[in-house]
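Heads up, the thing below is written out as structure tokens.
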Amino acid sequence: MSVTVKGVIARSQGAEVELTDIVIPDPGAGEVVVDIETCGVCHTDFHYKEGGINDEFPFLLGHEAAGRVSAIGDGVDNVAVGDFVVLNWRAVCGECRACKRGEPWYCFNTFNARQKMTLADGTELSPALGIGAFAEKTLVHAKQCTKVNPDADPAAAGLLGCGIMAGIGAAMNTGNVSRGDSVAVIGCGGVGVAAVVGSRLAGASTIIAIDRDARKLSKAQELGATHAIDSSEMNEDDVVAAVQDLTGGFGADVVIDAVGRPETWRQAFYARDLAGTVVLVGVPTPEMMLEIPLLDVFGRGGALKSSWYGDCLPERDFPMLTDLYLQGRLPLDEFVSEKIGISDIDAAFEKMARGEVLRSVVVL
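In terms of UniProt numbering, the sequence shown is numbered consecutively and its last residue is 364.
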């Protein structure tokens, strides 16, 4: 039998979010209902609200979430009622060409729930990233649920569901940062600072944080950056020179662009050492174009990579990172800038835009 709960939707482009009744159907085959405990306020939710992802309004916002499984459908065997889970938006299929060649983190056919959650009048909702977790309950595919240690604080563990995993994975999975490497991270919001933390976990010896905001640079240094570059009064060449000065004149082994703009990508490209790696994890907008001499691409060698969701495999990475958190080796609590109620999301979007928080976390 379906159940009605409260949830936060974006009804039209640019409108203020709305707390309203959401109808959650009984889980069908392969589906799960999760009682949401916490959900981070991510830039992606804001992009949905503003129509920057697509125009399939109304959206049920929220995706960076942790909670407890409360109902399961037929054929579900990876989770049981009562399990504490972090939700993910890359539920790998195991059958596509990426999965079959042993690269499931590139899965081209990820799973979502087949049934639709609706408004009380029957209007179908589009859940953000196939999750829709600014709600007391949500319906997802069972493979979107990853069991982790229930001793973890949900507010911290839930952040692994998107931004923190994207940053840590950009360093450890995509960038393959290893012991003794030098790393530069451009943009020190939640994803960028997570890349700093991931670089530290991987054993990088030099970690350079780059941003225009002194508060963000301070947080990055608190969480592992060895150097900080305030780029507020610099041009692109100045940033490149500053990174080279801190790396023996050569440039960093790995440069992570956590902003996703043409100018920051060029900085990343030229601030790396010869045969170094550029990782793009910041998400560009459709109109952005990049122009760079092809001879420079050839002459500098190395690797130019994009990082999708930190190239993570949730069933492998979420439990491991949760365990590191519980061991005191991964400071997830430091990313929780504030805990808020479900009616405070528009205010949280404003704080995020002003750079005042790493993450606001909704507690349900």
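Here a beta-carbon is modelled for each residue, glycine too, at the ideal position from N, C-alpha and C.
Quick caveat, the model's predicted, so the values are computed rather than measured.
Residue span of the alpha helix (DSSP H) that contains residue i, given as start and end
i, result
"L19", "Run containing L19: none in the alpha helix (DSSP H); it sits in the beta strand (DSSP E), E18 to I24."
"K339", "Where K339 is concerned, there is no enclosing alpha helix (DSSP H), although the beta strand (DSSP E) it sits in stretches over E338 to I340."
"K49", "H43 to K49"
"I186", "I186 -> not in any alpha helix (DSSP H); beta strand (DSSP E) instead, spanning S182 to I186."
"C312", "First-last for C312: undefined, no H or E at that position."
"C99", "R97 to K100"
"G163", "G163 to G169"
"V239", "E236 to D245"
"S218", "A214 to E222"
"P150", "Per DSSP, P150 belongs to no alpha helix (DSSP H) and is neither H nor E."
"D296", "L294 to R300"
"M172", "Careful: M172 lies outside any alpha helix (DSSP H) and carries neither H nor E."
"I345", "I345 to A353"
Beta-carbon contacts of residue i that lie in its chain and below 8 Å, excluding the five residues immediately before and after
i, result
"N235", "none"
"T146", "V85, V86, L87, N88, P314, E315, F318 and P319"
Same chain only: Cβ atoms within 7 Å of residue i, ignoring 5 sequence neighbours per side
i, result
"M1", "D26"
"G175", "V254, I256, T277 and V279"
"C99", "V92, C93 and C107"
"M172", "G198, L201 and A202"
Distance, residue j Cα to residue i Cα
i, j, result
"V191", "G282", "8 Å"
"T38", "A65", "6 Å"
"S337", "V361", "8 Å"
"I24", "T118", "7 Å"
"A348", "A71", "31 Å"
"L330", "R266", "31 Å"
"H63", "G132", "6 Å"
"G52", "A10", "12 Å"
"residue 423", "V69", "With the chain covering 1 to 364 only, the question about residue 423 has no answer from this structure."
"A195", "G7", "31 Å"
"S232", "V239", "10 Å"
"D45", "C96", "28 Å"
"V177", "P58", "40 Å"
"F134", "I36", "8 Å"
"H227", "R354", "24 Å"
"S126", "Q13", "14 Å"
"V357", "G180", "31 Å"
"R300", "N109", "35 Å"
"I22", "G40", "19 Å"
"T285", "V193", "21 Å"
"residue 451", "P262", "No answer is possible for residue 451: the residues shown for the chain start at 1 and end at 364."
"V34", "L324", "25 Å"
Test item: CB-CB of residue i and residue j under 9 Å
i, j, result
"L19", "A128", "no"
"V148", "P319", "yes"
"V5", "K116", "no"
"F84", "G73", "no"
"A91", "P314", "yes"
"I186", "V259", "yes"
"D211", "A202", "no"
"V76", "V17", "no"
"G130", "Q144", "yes"
"F335", "A214", "no"
"R272", "G224", "no"
"S205", "S182", "yes"
"residue 365", "R101", "The displayed coordinates of the chain run from 1 to 364. Any statement about residue 365 would go beyond what the structure contains."
"D151", "L326", "yes"
"A184", "A252", "yes"
"A170", "G341", "no"
"V246", "F269", "As written in the sequence, residue 246 is Leu, which differs from the Val given in the question. Taking 9 Å as the Cβ cut-off, L246 and F269 do not qualify as a contacting pair."
"I229", "I207", "no"
"L274", "F250", "yes"
Boundaries (first-last residue) of the beta strand (DSSP E) holding residue i
i, result
"S2", "Note, S2: premise wrong, no beta strand (DSSP E); not H, not E."
"R329", "That residue, R329, is in no beta strand (DSSP E); it is neither H nor E in DSSP."
"G40", "E31 to G40"
"D257", "A252 to D257"
"T138", "K137 to H141"
"T264", "Note, T264: premise wrong, no beta strand (DSSP E); alpha helix (DSSP H) at P262 to A271."
Residue(s) in a DSSP beta bridge with residue i
i, result
"residue 444", "Outside the shown range of the chain, which is 1 to 364, sits residue 444, and nothing can be said about it."
"V228", "According to the sequence displayed, residue 228 carries Ala and not Val. In the DSSP output, where bridge partners are listed per residue, A228 has A209."
"F84", "R68"
"I9", "E18 and L60"
"L280", "D257 and S306"
"S360", "E338"
"L201", "Bridge partners of L201: none, in fact."
"L145", "Note that residue 145 corresponds to Cys in the displayed sequence, not to Leu. For C145, which the question treats as bridged, DSSP gives the partners L87."
"L119", "I22"
Cβ-based neighbour list, residue i, same chain, cut-off 6 Å, excluding 5 preceding and 5 following
i, result
"S306", "L280"
"C42", "E64, C162 and G163"
"F111", "A91, H141 and K143"
"K216", "C188"
"L160", "V86, F318 and L321"
"H47", "I53"
"P154", "E37, T38 and A66"
"G328", "none"
Contact with chain D by residue i, beta-carbon distance below 9 Å
i, result
"H47", "Within the model displayed, chain D is absent; a lone protein chain is all it includes."
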